[in-house]
Amino acid sequence: MDAATTLVVFGATGDLASRLLLPALGQLLVTEQDRTVRVIGAGIEEWTTDRLAEVVRASFATVDAESALDRVDVEYHRADITKAADLKRLLKGLDGQVALYFAVPPAIAARACEAMTADMLPEGAMLALEKPFGTDEASARALNERLEALVPETQVFRVDHFLGKSTTLNLLGARFANRLLQPLWSADSIESVGIVYDEKLGLEGRAGYYDGAGALVDMIQSHLLQVLAVVAMEQPATIGEADFREATSAVLRATRVWDDDPTTSSWRARYTAGSVDGSDKPSYVDEPDVDPQRGTETLAQATFEVRNARWAGVPFTLRSGKAIGDPAREIVVRFRAVRHVPEGLRGSAEGAVLRLSLGPDRVSLELNLNGADDPLVLERVTLSADLGAGQLLAYAEVLSGILDADPMLSVRGDAAEQCWRIVQPILDAWRADEVPLEEYAAGSTGPPHWPYVG
Ligand code: BG6
């Protein structure tokens, strides 16, 4: 058996730990049979080790990982991680591979980083932080500077589980291992790209966080811009931390709001009462703890341009909404039509469309072929394949990188700052009310007139 990795979970008593992090750990341990992990949970609650062990057991059960329980050692320590003395006590004497996971709200994570000093940290310690990373470019930079004072960049893991989604990773194979696609992957042949992640879920009791964030920050600023970066990046020399992350950062540096005009390139809306899958949802503003005065959007859409030689002129439209009926979750690549169709070949010859579903994994390609009835009439044919679910949950994929000290699937500091820089003009325009806040009924597909390219 390998030596145990130590996973210190700040905020071990919280929802994130039990709902996402611990199930991910369970799944990882099931797939990696020679891994053992020492979990040191910390929180301000008066919990006992037995209570945390019970939470670990229940979390593992949600992913059928009970068989891995004997490879995890659990301890709980009461600690206020915003206090230097508590941190020191907690981290003292830890050695080997140690990862500190901040499963706490961003304000607490920032305060904990303030209270932490490099000499408290075990040699080579990894720091994993959840989104949102800062609240704007300046605060993200300040947090980055703080982290730089603690550990080298390669030991900082800014978690974005969309980078661990199998569809995002499948893009690498689709793009770089197919001569059929690779030479066509540019503005010369591609007309537009859509990345959409609509959800049936509504607020799910998360007003405390969500009402201050909204769909743009919750999904586009973070997750969907990362997916855009993987769709648009130059081919990296290796699929390794340095090459991959530099390639995605370069895309983000080149990305701007389309036409530099958020009033014509961004849209926002929030849901009113309706029903999703037969269950009634109240209007967003009537959800518990929502402040209607904030004008928080639950559906955001924005079009961007990647201003480089490969992509200039191609709109990338990103969209995500809550309480959507029949939600779409896919990357849609629309190819240009051929320049000329010979006279005599009848029917529409619109460009091919490649769709990569963002779970469950599925790929499809729409092409024009001759129909069976009349061989000179074009018909639209869809070739498709189900790829099955990824082996690991996206969170487990990212956690595996953290425990292996491989930051490839975590967001590099400069990229986190760029993502704020990219959406800032939209946030400013929305705050100034330059873009109307529209409404859509829960369970609908959103405002019908939006120019979504999907
Ligand atoms: C989270 C957002 O980061 O991602 C949620 O905060 C969203 O609002 C979720 O529902 C979507 O990701 P997944 O993988 O759970 O569908």
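Counting in UniProt numbering, the sequence shown runs from 1 upward without gaps. Built from N, CA and C at the ideal position, the CB exists for glycine as well.
Review point. Apart from the five residues just before and just after Glu137, which ones in its own chain have a Cβ nearer than 6 Å to its Cβ?
Key: Same-chain partners within the cutoff: Glu417, Trp420 and Arg421.
Check your understanding: With 16 as the cutoff for other CB atoms within 10 Å, does Gly313 come out buried or exposed?
Key -> Classification of Gly313: exposed, given that the 10 Å Cβ count is below 16.
Review point. Of the choices Asp386, Asp260 and Lys200, whose alpha-carbon is the least far from that of Ser279?
Key: Taking only the C-alpha atoms, the option nearest Ser279 is Lys200.
Exercise for review: Using a threshold of 8 Å, state whether the C-beta atoms of Phe102 and Leu129 are closer than that.
Suggested key: When the beta-carbon positions are compared, Phe102 and Leu129 come within less than 8 Å of each other.
Review point. Tell me which same chain residues have a C-beta within less than 7 Å of the C-beta of Met1, skipping the five on either side of it?
Key: A caution first: Met1 carries a pLDDT of 42, below 50, which makes its placement in the model unreliable, though a value can still be read off. Taken in chain order, the residues that qualify are Asp34 and Thr36.
Exercise for review: Write down the C-beta distance between Phe10 and Ala85 rounded to the nearest angstrom, noting that I regard them as a contact closer than 8 Å.
Suggested key: Between Phe10 and Ala85, the beta carbon gap of about 15 Å keeps them out of contact (Cβ cut-off 8 Å).
Check your understanding: How big is the Cα-Cα spacing for Thr272 and Gly347?
Key -> Cα to Cα, the separation comes out at about 42 Å.
Exercise for review: Spell out the partners DSSP gives Ile331 in its beta bridges.
Suggested key: Bridge pairing for Ile331: Ile195 and Leu356 [DSSP].
Practice item. May I have the straight-line CA-CA distance separating Ser139 from Phe133, to the nearest angstrom? Key: If you take the alpha carbons of Ser139 and Phe133, they lie about 8 Å apart.
Check your understanding: Can you pull the DSSP bridge partners for Leu383?
Key -> Looking at the DSSP assignment, Leu383 forms a beta bridge with Leu365.
**Study point:** Residue from Glu287, Phe304 and Leu25 with nearest C-alpha to Thr296
**Key:** Checking every option, the nearest Cα to that of Thr296 belongs to Glu287.
Exercise for review: Would you kindly work out how many angstroms separate the C-alpha atoms of Val231 and Ala118, rounded to a whole number?
Suggested key: Between the C-alpha atoms of Val231 and Ala118 there is a straight-line separation of about 37 Å.
Practice item. Please report the residue range of the alpha helix (DSSP H) in which Thr31 lies. Key: Per DSSP, the unbroken alpha helix (DSSP H) holding Thr31 starts and ends at Leu22 to Thr31.
Check your understanding: Hey, Thr394 and Thr248: beta-carbon distance below 8 Å or not?
Key -> Before going further, note that residue 394 is Ala rather than Thr in the sequence given. Against a cut-off of 8 Å, the Cβ pair of Thr248 and Ala394 comes out as no contact.
Practice item. For residue 468, collect the residues of the same chain with a Cβ closer than 7 Å to its Cβ; drop the 5 residues on either side in sequence, then sort them by chain order. Key: The displayed coordinates of the chain run from 1 to 454. Any statement about residue 468 would go beyond what the structure contains.
Point to revise | Where the beta strand (DSSP E) containing Phe10 begins and where it ends | key: For Phe10, the enclosing beta strand (DSSP E) has its first and last residue at Thr5 to Phe10.
Review point. In chain order, what residues of the same chain have a beta carbon less than 6 Å from the beta carbon of Gln155, not counting five sequence neighbours either side?
Key: Close CB contacts of Gln155 within its chain, under the 6 Å cut and outside five residues either way in sequence, are with Met126 (chain order).
Point to revise | Sub-8 Å separation of Val8 and Ile44 beta-carbons | key: Judged by beta-carbon spacing, Ile44 lies beyond the 8 Å limit of Val8, meaning their Cβ atoms are not closer than that value.
Point to revise | For Leu252 and Val196, the rounded distance between their alpha carbons | key: In a straight line, the C-alpha of Val196 is about 18 Å away from that of Leu252.
Practice item. Report yes if the CB atom of Asp326 is closer than 8 Å to the CB atom of Arg362, and no otherwise. Key: In this structure, Arg362 does not lie closer than 8 Å to Asp326 by Cβ.
**Study point:** C-alpha gap between Asp50 and Ala107, whole angstroms
**Key:** Answer to the nearest angstrom: the Cα atoms are 29 Å apart.
Review point. In or out: Gly173 buried (at least 16 other Cβ within 10 Å) or exposed?
Key: Around the beta carbon of Gly173, a 10 Å sphere encloses fewer than 16 other beta carbons of the protein chains shown; the residue is thus reported as exposed.
Check your understanding: If you check the beta carbons only, do Gly351 and Ala328 fall under 8 Å apart?
Key -> Judged by their CB atoms, Gly351 and Ala328 are not nearer to each other than the 8 Å cut-off.
Check your understanding: When the Cα of Arg310 is compared with those of Ala250, Gly202 and Thr263, which residue comes out closest?
Key -> The residue with the shortest Cα to Cα distance from Arg310 is Ala250.
Check your understanding: Start and end of the beta strand (DSSP E) containing Ser279?
Key -> For Ser279, the enclosing beta strand (DSSP E) begins and ends at Ser279 to Lys281.
Practice item. Consider the C-beta atom of Leu163 and the heavy atoms of the ligand BG6; say whether any pair is separated by less than 7 Å. Key: No, since every heavy atom of the ligand BG6 falls outside the 7 Å radius drawn around the Cβ of Leu163.
Exercise for review: Report back the beta-carbon spacing between Phe316 and Ile190 to the nearest angstrom; my notes put them in contact at under 8 Å.
Suggested key: That pair is no contact at about 10 Å.
Check your understanding: Residues bridged to His77 by DSSP?
Key -> In DSSP, His77 forms a bridge with Ala42.
**Study point:** Boundaries (first-last residue) of the beta strand (DSSP E) holding Phe304
**Key:** Residues Leu299 to Val306.
Review point. Comparing the CB of Glu439 with every heavy atom of the ligand BG6, is any distance shorter than 7 Å?
Key: Relative to the ligand BG6, even the nearest heavy atom lies 7 Å or more away from the CB of Glu439.
Exercise for review: Have a look at the DSSP bridge pairing and note the partners of Val72.
Suggested key: Answer by DSSP bridge pairing, in chain order: Val37.
Review point. Any heavy atom of the ligand BG6 within a distance shorter than 7 Å of the CB on Glu199?
Key: Distances taken from the Cβ of Glu199 to the heavy atoms of the ligand BG6 include one shorter than 7 Å.
Review point. In whole angstroms, what is the alpha-carbon distance linking Tyr284 and Val193?
Key: Computed Cα separation, rounded: 30 Å.
Practice item. Would you check whether the ligand BG6 has a heavy atom nearer than 7 Å to the C-beta of Asp64? Key: Incorrect: Asp64 has no Cβ contact closer than 7 Å to the ligand BG6.
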